[in-house]
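Step one of this worksheet: look at the structure below.
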């Protein structure tokens with residue numbers, strides 16, 4: 107299920123800005139239910155419309171909160187890939 111959720115650069119940028127604004131690490135934000143819900147909302151907004159229809163925002167927020175430990179490692183890996191891709195394009 108996790109691999110169905112593609113993270114785009116815009117969603118990553120939103121999450122990065124949110125974390126910087128609240129002076130949080132991704133792990134700290136995901137371990138706080140209110141911050142976790144906000145991050146889930148940002149990620150959900152970046153999903154393709156079909157995925158958004160299949161996985162409602164409420165359903166995704168619940169999934170994101172309940173599986174936060176598993177998702178943290180997945181998100182860190184995905185964000186790293188996005189950063190590497192952006193660095194290659196900048197060259």
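In our numbering, the protein residues as written are 107 to 197.
Yeah, the Cβ is synthetic: ideal placement off N, Cα and C, and Gly gets one too.
Note the first and the last residue of the continuous alpha helix (DSSP H) segment covering residue 149.
The sequence position of residue 149 within the chain shown is 43, counting from 1. It spans 139-151 - the alpha helix (DSSP H) in which residue 149 sits, taken as one unbroken run.
Residue 188 lies in the alpha helix (DSSP H); which residues open and close that run?
Mapped onto the chain shown, residue 188 falls at position 82. From DSSP, the alpha helix (DSSP H) with residue 188 extends over 174-196.
Look up residue 130 in the DSSP assignment and say whether it is helix, strand or coil.
The sequence position of residue 130 within the chain shown is 24, counting from 1. In this structure, residue 130 counts as coil in the three-state DSSP scheme.
Counting pairs of Cβ atoms below 8 Å between the segment 142-157 and the segment 169-176, do you hit three or more?
Because the criterion of three Cβ pairs below 8 Å is met, the segment 142-157 and the segment 169-176 touch.
Buried or exposed by the 16-neighbour rule on C-beta atoms within 10 Å, applied to residue 160:
Here residue 160 refers to the residue found at position 54 when the chain shown is read from its first residue. So residue 160 counts as exposed.
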